[in-house]
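The listed protein sequences derive, respectively, from chains X and B. Residue 137 in numbering that gives the first Met the number 0 sits at position 138 of the first sequence; the count goes up by one each step and never skips. Residue 174 in numbering that gives the first Met the number 0 sits at position 175 of the second sequence; the count goes up by one each step and never skips. Using N, Cα and C, we set each Cβ at its ideal position, and we do this for glycine too. First comes the structure, then the notes that go with it.
Protein chains: 2
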Amino acid sequence: MSFKLSPEYALLGILMTGPKHGYEMHSYFSSNMDQFWRLSMSQIYALLKRMEKNKMVVSKGEWQNNRPAKKIFSITQTGKEGFLNWIYSPVNHVRNLRIEFMAKLFFIKELKLKRATDIFDKQIEILQEKLHLLQPPKEKIMDEFQKALHSFKIAQTTSAIEWLKECKTFFSCKY
Amino acid sequence: MSFKLSPEYALLGILMTGPKHGYEMHSYFSSNMDQFWRLSMSQIYALLKRMEKNKMVVSKGEWQNNRPAKKIFSITQTGKEGFLNWIYSPVNHVRNLRIEFMAKLFFIKELKLKRATDIFDKQIEILQEKLHLLQPPKEKIMDEFQKALHSFKIAQTTSAIEWLKECKTFFSCKY
DNA sequence: GAAAATTATTCCAATTTGGAATATTCTTAA
DNA sequence: TTAAGAATATTCCAAATTGGAATAATTTTC
Chain X
0 MSFKLSPEYA
10 LLGILMTGPK
20 HGYEMHSYFS
30 SNMDQFWRLS
40 MSQIYALLKR
50 MEKNKMVVSK
60 GEWQNNRPAK
70 KIFSITQTGK
80 EGFLNWIYSP
90 VNHVRNLRIE
100 FMAKLFFIKE
110 LKLKRATDIF
120 DKQIEILQEK
130 LHLLQPPKEK
140 IMDEFQKALH
150 SFKIAQTTSA
160 IEWLKECKTF
170 FSCKY
Chain B
0 MSFKLSPEYA
10 LLGILMTGPK
20 HGYEMHSYFS
30 SNMDQFWRLS
40 MSQIYALLKR
50 MEKNKMVVSK
60 GEWQNNRPAK
70 KIFSITQTGK
80 EGFLNWIYSP
90 VNHVRNLRIE
100 FMAKLFFIKE
110 LKLKRATDIF
120 DKQIEILQEK
130 LHLLQPPKEK
140 IMDEFQKALH
150 SFKIAQTTSA
160 IEWLKECKTF
170 FSCKY
């Protein structure tokens with residue numbers, strides 16, 4: 000399945016709010032994003048490990064009385080750039096819109112990002128292109144299965160575009 | 000992520016059309032379902048191996064001149080029952096509708112299954128329940144992020160229900 | 001006071017993923 | 001006609017993902 004999500008950017012988004020240890024990031028994630036994105040504790044640690052290897056984050060151990068030691072992660076400049084690139088790039092698959100675009104909306108709000116309308120406009124644009132490519136059915140003979148598939152793609156894309164336009168109105172008042 | 004797909008049922012569906020070897024199943028899958036569901040060759044073989052262990056399929060080696068030997072898989076009675084149970088059960092997550100329901104539609108057509116309206120009705124029913132649970136916003140204070148999330152869920156669910164109703168009309172003429 | 005939850009990270013094993021490898025034959029393009 | 005690329009079929013391979021459990025101590029709940 001080539002529709003892979005990019006959870007590392009969600010974690011980078013969390014670290015944009017300040018350094019945190021893995022457990023804390025899991026709590027933050029669960030509290031704020033669990034409705035549409037699930038990440039287990041071990042996933043988060045596995046991701047952080049890989050991200051540190053890729054120089055997106057750095058970590059520093061911190062001793063703690065009466066509690067296990069913490070490993071505090073901070074975002075690097077590379078990580079910041081990667082995150083900003085991600086958030087200002089459109090989501091390519093409607094299937095992932097629910098998860099990735101919702102995460103982006105969350106960080107727009109949380110980080111009080113400027114240029115939020117850019118994010119909406121680009122996303123609307125790419126979806127309208129997709130819709131355009133879908134529209135001309137070429138009048139070719141389609142069985143009921145092909146009709147259903149075609150119809151589904153159009154319906155979901157149209158619905159997503161309308162939703163984006165709606166959201167843009169109430170996000171634009173603020174960002 | 001708890002929205003796991005069930006590719007083994009798609010493979011069972013293919014074997015409902017008759018015994019096939021893995022490579023042939025991959026071709027069949029690619030030709031017919033690649034637009035919405037991707038399975039690699041190694042995934043197919045890994046799945047078949049597990050399915051054989053679970054008694055959903057059996058295999059028989061077949062020697063071949065001038066070509067690598069084949070391993071022909073056939074569906075068992077257990078496999079048939081599992082497949083029929085799957086196809087007549089609703090998809091629980093809107094996110095997976097695109098993939099799993101489309102696969103079901105494909106097999107309805109390919110296997111000329113009866114009672115197709117049951118499949119549609121049950122799917123519409125469960126989505127309308129979800130919609131109902133979403134609808135009362137309790138008038139509680141929502142920030143723009145919660146508004147967006149709520150609005151998205153409603154939009155995509157509504158769109159899916161409408162699409163299902165539309166599909167039902169042209170599938171019902173035949174099955 | 002006892003049991004359960006919390007704090008934090010690592011360990012663990014099974015599954016999934018995305019190819020490559022294998023060896024031969026067939027097909028295509030120059 | 002020849003060389004390169006594709007096809008045939010299955011298994012191998014290593015990294016990534018997944019869904020917990022383990023660890024040991026403290027704090028919270030009943």
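Checklist entry - Can you list, in chain order, the residues of its chain whose CB lies under 8 Å from that of serine 1/X, leaving out five sequence neighbours each side? => result Legend: pLDDT at serine 1/X = 45, less than 50; position of this residue unreliable, no value from coordinates given.
Checklist entry - For isoleucine 13/B, which of Phe144/B, Phe82/B, Ser150/B and Leu163/B has the nearest alpha-carbon? => result When only C-alpha atoms are compared, the closest one is Phe82/B.
Item to check | Chain-ordered neighbours of leucine 148/B on chain X, where CB pairs are closer than 7 Å | outcome: Near leucine 148/B (Cβ distances below 7 Å), the residues of chain X are Gln34, Phe35 and Met101.
Checklist entry - Taking 8 Å as the CB-CB cut-off, is lysine 108/B touching chain X? => result By this cut-off, lysine 108/B is an interface position.
Next on the checklist: Quick check: is the beta carbon of arginine 49/B nearer than 8 Å to any beta carbon in chain X?
Outcome noted: Chain X contact via Cβ: absent.
Next on the checklist: Can you check whether the C-beta of lysine 63/X is within less than 8 Å of a C-beta belonging to chain B?
Outcome noted: Before going on, a small fix: residue 63/X reads as glutamine here, not lysine. For glutamine 63/X, the closest Cβ of chain B is not nearer than 8 Å.
Next on the checklist: Nearest by alpha-carbon distance to glycine 60/B: which of Lys3/B, Lys54/B, Glu143/B and Gly21/B is it?
Outcome noted: Considering only alpha carbons, the answer is Gly21/B.
Item to check | is_contact[aspartate 120/X, chain B] using C-beta, thresh 8 Å | outcome: Chain B, which has no Cβ nearer than 8 Å to the Cβ of aspartate 120/X, makes this no.
Item to check | valine 90/B and phenylalanine 105/B closer than 8 Å at C-beta | outcome: Result no, Cβ atoms of valine 90/B and phenylalanine 105/B do not sit closer than 8 Å.
Next on the checklist: Considering only their Cβ atoms, is the gap separating leucine 47/X from valine 56/X smaller than 8 Å?
Outcome noted: Going by C-beta atoms, valine 56/X is nearer than 8 Å to leucine 47/X.
Checklist entry - Quick one: Cα of tyrosine 87/X to Cα of glutamine 122/X, how far? => result Going by the C-alpha atoms only, they are around 9 Å apart.
Checklist entry - Quick one: is serine 1/B near chain X, going by C-beta distance under 8 Å? => result Since pLDDT at serine 1/B reaches only 45, below the 50 mark, its modelled position is unreliable, and no value is offered.
Next on the checklist: I'd like to know whether the C-beta of alanine 68/B is nearer than 8 Å to at least one C-beta of chain X.
Outcome noted: For alanine 68/B, the nearest beta carbon of chain X is not closer than 8 Å to its own beta carbon.
Next on the checklist: Only counting the same chain, and skipping five residues up and downstream in sequence, which positions put a Cβ closer than 6 Å to that of histidine 259/B?
Outcome noted: Since the first residue of chain B shown is 0 and the last is 174, residue 259/B is not available in this structure.
Checklist entry - Do the CB positions of isoleucine 118/X and leucine 133/X come within less than 8 Å of each other? => result No, the Cβ-Cβ distance between isoleucine 118/X and leucine 133/X is not below 8 Å.
Checklist entry - From the DSSP output, which residues share a beta bridge with phenylalanine 72/X? => result Lys19/X and Ser58/X, per the DSSP bridge assignment.
Checklist entry - Going by Cα to Cα distance, which pick from Asn95/B, Arg66/B and Glu109/B is closest to methionine 15/B? => result It is Glu109/B whose Cα lies nearest to the Cα of methionine 15/B.
Checklist entry - DSSP state of serine 1/B, grouped into three classes? => result Note that serine 1/B scores a pLDDT of 45, beneath 50, so its modelled location is shaky; the value from the coordinates is reported in the next line. DSSP places serine 1/B in coil when its eight states are reduced to three.
Next on the checklist: Let me make sure I understand the geometry here. Which of Lys167/B, Thr116/B and Pro18/B has the alpha-carbon closest to that of phenylalanine 72/B?
Outcome noted: With distances taken between Cα atoms, phenylalanine 72/B lies closest to Pro18/B.
Next on the checklist: If contacts are defined as beta-carbon pairs under 8 Å, then glutamine 34/B and leucine 148/X qualify, I think. What distance do you get, rounded to the angstrom?
Outcome noted: Right, their Cβ atoms sit about 6 Å apart.
Checklist entry - Counting only beta-carbon atoms, is lysine 113/B nearer than 8 Å to chain X? => result No, lysine 113/B lies away from the interface with chain X (no Cβ there is under 8 Å from its Cβ).
Next on the checklist: Is the beta carbon of serine 158/X closer than 8 Å to that of glutamine 155/B?
Outcome noted: The Cβ atoms of glutamine 155/B and serine 158/X lie closer than 8 Å to each other.
Checklist entry - So, helix, strand or coil for glutamine 134/X, using DSSP? => result Here glutamine 134/X sits in coil by DSSP.
Item to check | Closer than 8 Å to chain X by CB, aspartate 142/B | outcome: Closer than 8 Å to some Cβ of chain X, the Cβ of aspartate 142/B qualifies, so yes.
Checklist entry - What residues from chain B crowd round glutamate 165/X, counting only those whose CB sits closer than 7 Å? => result Correct list: Ser150.
Checklist entry - From lysine 173/B to methionine 141/X, what does the alpha carbon distance come to, in whole angstroms? => result Rounded to the nearest angstrom, the two C-alpha atoms are 15 Å apart.
Checklist entry - Roughly how many angstroms lie between the CA atoms of valine 93/B and arginine 49/X, to the nearest whole one? => result One C-alpha to the other measures close to 31 Å.
Item to check | Of the listed residues Asn31/X, Asn65/X, Glu124/X and Lys54/X, nearest to threonine 75/X (C-alpha basis) | outcome: Looking at Asn31/X, Asn65/X, Glu124/X and Lys54/X, the one whose alpha-carbon comes closest to that of threonine 75/X is Lys54/X.
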